[in-house]
Amino acid sequence: MTDIYFTTKDGINYTRRLHGRERMSAANTTYAHGFGQIVALGEVELKSPLTREQLAPYVKAAWTHLRFLVPWMAIRTSDMTPNPRDNAFLYSYAVPVNQEQVDAWLEETVIWRSEELPFADWESLLRITHWKPGDNRCAFELHVAALPDGHWMMGLTAPHWVTDGRGKFPVIDQYYKCLQAAFDGSSKPVDTIAWGEEITRLPPTGVQVLPAAGALPETMDPPQGQFTRLMRQPREVDLSTDNITRCIVLTKEQTDAFNLACKQHRCSITAAINSVFILADIETELRIAADAKGEVWERVLESFHQSEFFTVAVNVSDLVGPAIKLSEDYLINTFQRHFVYPLFAKVCQPCGVGGLINCGFPTYHNMKEIRACLQVTPDGCITKNYGTKTFWNGLVVDVRKVLKEGIRTKASPRWYHQLSNNVEAASANVTSFQMAWPGVMASSLGSLQKLSWFCQFRPSVAVSDPDTAFSINQWRFGIRATGALAIVINTWEYDGILSLNLQGSKRWQTEKAWDYFTVAVSDGFERITSTKATL
């Protein structure tokens, strides 16, 4: 399988084919109108205000140095065959042979936006930008815009088949380090970059960068006695406005209260967050069914009272080694990719191999613990109990146990290899968007500080540091969720503030259903961080 490594015939042009998870992701995107396009936006406050013309040389220098460090950010994706229905795609990378080629790449991938919008409006606008794997576009684009308050929006966007959130954020972190180096003069002139040396950092496909270690899951079959969801019907919507989002940002006081509560109850933060999502998900199902009344309501209510398990179809986890102690703070997605072969870990420093190095697995949660937190009457009245016994020592303990077991048995590198082989075989037959599961699909980046990302640019640090040229006041991280039946949620903590970005599709989410869910999530965190919970 040498074609899944980058190879060259002339020392200039390097290619490899997409394989496994990345190929399936690209195939899905072909039919999904951009589902999976990742966006990450920072609000940048320069200590010395600059015009666009003054800022541009620093941005271009940083972006150029970043390419040398992370060449896979400049790979292009194209169809391998004349028949795109085969869903076979090719990565290509061309070593720049002169400054004109570097300038052309900069012109293509650094987009200066003219819209005059506040930072909060940019996520939805940037999410519109997407492309298909057959379009032969570069993997990463940087969008820059002046904000009305004098700050700058700097947003990076990339398709999901190139990398996931855990692969993208180290690149973003390195971009800002390169930008700082451009400002303070510590970076070398761009015309001294030794182009060609970067190709050692072009990684092969995921199954080649980590060994098939660990065990395979004994079974992926769901247990009997599942809660029966409503059958939602798709609606005809304008694809340009299909994406809906609501970012819930806790205050620092609320974040501190939440973290303290997790510490006091000796539970992982991810388990507590996911418990809120589970309760919000099932509360939404109950409220929609109660509105429908009649047989629909009776069926859902009976299932709520009689079922034994509630399914979360997809939990996303990075791959961790069996000898790595699970963090007590963040159970999922806070681990470095320990299983990556040392060779690739070393040569691809400082930003890693990118790619889709994660596993998604289902979890099944005890309905008894859920019913203790949500009581519902025959007329649809819901009473919530987020107390110590019901929530913290009940549902959260169950969620933590199930997640921990899921990571141990369903997120091993061996299962990643098996899954990659399975989807590689199926990719050629994809003719429509494959994401049929309902409910919530949550992915937690965890604490960006604990991951050592953007530490020097946090306002609490940068403002008082005379050597730092700017601060990143806030973040927005999300994904294009066009056509997704599930609600996709990204969570992260930055500079002591927890953010939860809820994203969905109008095709499946009515206005009332979306309001039910988002309000339920907000209310859950209000109860956890205040005195609303019943003790």
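Each residue of the sequence shown is one higher than the last, beginning at 732 in our numbering. Using N, Cα and C, we set each Cβ at its ideal position, and we do this for glycine too. Note that the structure is a prediction, hence the values are computed from the model and not measured.
Within the continuous beta strand (DSSP E) that includes W1028, where are the two ends? Looking up residue 1028 in the sequence shown gives position 297. Unbroken run through W1028 is the alpha helix (DSSP H), 1025 to 1037; no beta strand (DSSP E).
Under 8 Å, Cβ to Cβ, is there at least one residue of chain B near V1043? The displayed structure is made up of one protein chain only, and chain B is not part of it.
For V801 and R997, which I take to be in contact (beta-carbon distance under 8 Å), what is that distance rounded to the nearest angstrom? Reading the sequence shown from its first residue, position 70 is the one you call residue 801. Reading the sequence shown from its first residue, position 266 is the one you call residue 997. Actually they are not in contact, since the Cβ atoms of V801 and R997 sit about 39 Å apart, beyond 8 Å.
Could you tell me the alpha carbon to alpha carbon distance between Q1187 and D952, rounded to whole angstroms? By one-based count along the sequence shown, residue 1187 stands at place 456. By one-based count along the sequence shown, residue 952 stands at place 221. Their Cα atoms are separated by approximately 46 Å.
With C-beta atoms as the reference, is P1073 less than 8 Å away from P942? Here residue 1073 corresponds to residue number 342 of the sequence shown, with the count starting at 1. Here residue 942 corresponds to residue number 211 of the sequence shown, with the count starting at 1. No; because the gap between Cβ atoms is not below 8 Å, this pair is not in contact.
Evaluate the contact criterion for the region 1108 to 1119 versus the region 1147 to 1166: three or more CB pairs, one atom per stretch, below 8 Å. As far as the Cβ criterion goes, the region 1108 to 1119 does not touch the region 1147 to 1166, which means the pair count is below three.
At 3 residues or longer, and completely inside the region 842 to 916: list those beta strand (DSSP E) runs for me, N to C. Qualifying beta strand (DSSP E) stretches, in chain order: 872 to 877, 883 to 889.
Would you identify the three-state DSSP class for T1260, choosing helix, strand or coil? Translated into positions along the sequence shown, residue 1260 becomes position 529. Annotated three-state conformation of T1260 is coil, per DSSP.
For the alpha helix (DSSP H) containing L797, name the first residue and the last one. Counting from one through the sequence shown, the residue named residue 797 turns up at place 66. Where L797 is concerned, the enclosing alpha helix (DSSP H) stretches over 783 to 800.
How many angstroms separate the CA atom of L772 from the CA atom of W853? For the purposes of this step, residue 772 is identified with residue 41 of the sequence shown, where counting begins at 1. For the purposes of this step, residue 853 is identified with residue 122 of the sequence shown, where counting begins at 1. Approximately 8 Å, taken between the alpha carbons.
Measuring CB to CB, does P935 end up less than 8 Å from R747? Indexing the sequence shown from 1 puts residue 935 at position 204. Indexing the sequence shown from 1 puts residue 747 at position 16. Yes.
Express the C-alpha separation of F1035 and L981 in angstroms, rounding to a whole number. Working through the sequence shown from its first residue, we reach residue 981 at position 250. Working through the sequence shown from its first residue, we reach residue 1035 at position 304. Straight-line Cα distance between these residues: approximately 31 Å.
What first and last residue would you give for the beta strand (DSSP E) that runs through N1046? Residue numbering aside, residue 1046 sits at position 315 when the sequence shown is read from its first letter. Per DSSP, N1046 belongs to the beta strand (DSSP E) from 1040 to 1049.
What number of angstroms, rounded off, separates the C-alpha of L1140 from the C-alpha of D880? Your numbering for residue 1140 matches position 409 in the sequence shown. Your numbering for residue 880 matches position 149 in the sequence shown. For clarity, residue 1140 is Thr in the given sequence; the question names Leu instead. In this model, T1140 and D880 are separated by some 49 Å (Cα to Cα).
H1254 by DSSP, collapsed to three states: which one? Within the sequence shown, the letter at position 523 stands for residue 1254. Correcting the residue type first, residue 1254 is Asp in the shown sequence and not His. In this structure, DSSP gives D1254 a helical state, which the three-state scheme calls helix.
Which same chain residues end up closer than 7 Å to G1137 when comparing Cβ atoms and leaving out the 5 residues on each side of it in sequence? As a position in the sequence shown, residue 1137 is number 406, starting the count at 1. Contacts found: N1046, F1092, T1094.
Work out the CA separation of G742 and I1228 for me, nearest whole Å. Here residue 1228 corresponds to residue number 497 of the sequence shown, with the count starting at 1. Here residue 742 corresponds to residue number 11 of the sequence shown, with the count starting at 1. If you draw a straight line from the Cα of I1228 to the Cα of G742, it is about 47 Å long.
What does the alpha-carbon distance come out to for the pair L887 and L1032? For the purposes of this step, residue 887 is taken as the residue at position 156 of the sequence shown. For the purposes of this step, residue 1032 is taken as the residue at position 301 of the sequence shown. Rounded to whole angstroms, L887 and L1032 show a C-alpha spacing of 44 Å.
Take I769 and list the residues in its own chain whose beta-carbon comes closer than 7 Å to its own, dropping the five residues that flank it on each side. Within the sequence shown, residue 769 is the residue found at index 38, counting from 1. In chain order, T888, A889, H891, G896, K899, I1210 place their CB closer than 7 Å to the CB of I769, counting only its own chain and leaving out the 5 sequence neighbours on each side.
Mind checking W843: buried by the 16 CB within 10 Å criterion, or exposed? For the purposes of this step, residue 843 is taken as residue 112 along the sequence shown, with counting starting at 1. The residue is exposed, with fewer than 16 neighbouring Cβ atoms inside 10 Å.
Identified DSSP bridge partners for D810: Mapped onto the sequence shown, residue 810 falls at position 79. Paired residues: F820.
Mapping DSSP to helix, strand and coil, what is I1114? Indexing the sequence shown from 1 puts residue 1114 at position 383. Note that residue 1114 is Thr in the sequence shown, not Ile. Assigned with DSSP and collapsed to three states, T1114 falls in strand.
Would you mind giving the Cβ-Cβ distance between V1027 and G1170, rounded to the nearest angstrom? I have them listed as a contact below 8 Å. Stepping through the sequence shown from its first residue, residue 1027 is reached at position 296. Stepping through the sequence shown from its first residue, residue 1170 is reached at position 439. That pair is no contact at about 18 Å.
Quick one: grab the DSSP three-state call for M1172. Within the sequence shown, numbered from 1, the residue matching residue 1172 stands at position 441. M1172: strand per DSSP, three-state reduction.
Going by the CB atoms, is the gap between G751 and S1151 shorter than 8 Å? Walking along the sequence shown from the start, residue 1151 turns up at place 420. Walking along the sequence shown from the start, residue 751 turns up at place 20. Cβ distance < 8 Å, so S1151 and G751 count as in contact.
Within its chain, find whatever has a CB closer than 6 Å to the CB of C1082; leave out the 5 residues flanking it on each side and keep chain order. Residue 1082 sits at position 351 when you count from the first residue of the sequence shown. Excluding sequence neighbours, C1082 sits near V801, P901, V902, Q905.
When S823, R783, I924, L1126 are compared against M885, the one with the closest alpha-carbon: For the purposes of this step, residue 885 is identified with residue 154 of the sequence shown, where counting begins at 1. Of the candidates S823, R783, I924, L1126, the one whose C-alpha sits nearest the C-alpha of M885 is R783.
How would you label P788, buried or exposed, when you count the other beta carbons within 10 angstroms and need 16 or more for buried? Walking along the sequence shown from the start, residue 788 turns up at place 57. P788 counts as exposed, since fewer than 16 other C-beta atoms from the protein chains shown sit within 10 angstroms of its C-beta.
In whole angstroms, what separates the C-alpha of R1068 from that of I1088? Working through the sequence shown from its first residue, we reach residue 1068 at position 337. Working through the sequence shown from its first residue, we reach residue 1088 at position 357. With a pLDDT of 49 at R1068, under the threshold of 50, the modelled position of this residue cannot be trusted; read the value that follows with caution. Approximately 8 Å, taken between the alpha carbons.
Between which two residues does the beta strand (DSSP E) carrying G773 extend? Within the sequence shown, the letter at position 42 stands for residue 773. G773: member of the beta strand (DSSP E) spanning 769 to 777, first to last residue.
Alpha carbon of S1163 to alpha carbon of Y762, nearest angstrom: Numbered from its first residue, the sequence shown carries residue 1163 at position 432. Numbered from its first residue, the sequence shown carries residue 762 at position 31. Rounded to whole angstroms, S1163 to Y762 spans 5 Å at the Cα level.
Cβ of N990 within 8 Å of Cβ of V1130? The sequence position of residue 990 within the sequence shown is 259, counting from 1. The sequence position of residue 1130 within the sequence shown is 399, counting from 1. The answer is no: Cβ separation not under 8 Å.
Taking the continuous beta strand (DSSP E) assigned at R1269, which residues delimit it? What the structure shows of the chain is the stretch from 732 to 1266, and residue 1269 is not part of that stretch, so it cannot be assessed.
Could you name the residues of the same chain whose beta carbon sits closer than 8 Å to that of Y824, not counting the 5 residues immediately before and after it, in chain order? As a working mapping, residue 824 is identified with position 93 in the sequence shown. Counting only Cβ-Cβ distances below 8 Å, and skipping sequence neighbours, we find F737, N744, Y745, T746, P802, W803, A805, I806, R807, I930, L933.
When you compare only the Cα positions, how much space is there between N1160 and K1099? Within the sequence shown, residue 1160 is the residue found at index 429, counting from 1. Within the sequence shown, residue 1099 is the residue found at index 368, counting from 1. Roughly 41 Å between the two C-alpha positions.
Flag this pair as touching only if the region 774 to 781 and the region 826 to 837 have three or more C-beta atom pairs under 8 Å; answer yes or no. No: the two stretches stay apart, fewer than three of their Cβ pairs being nearer than 8 Å.
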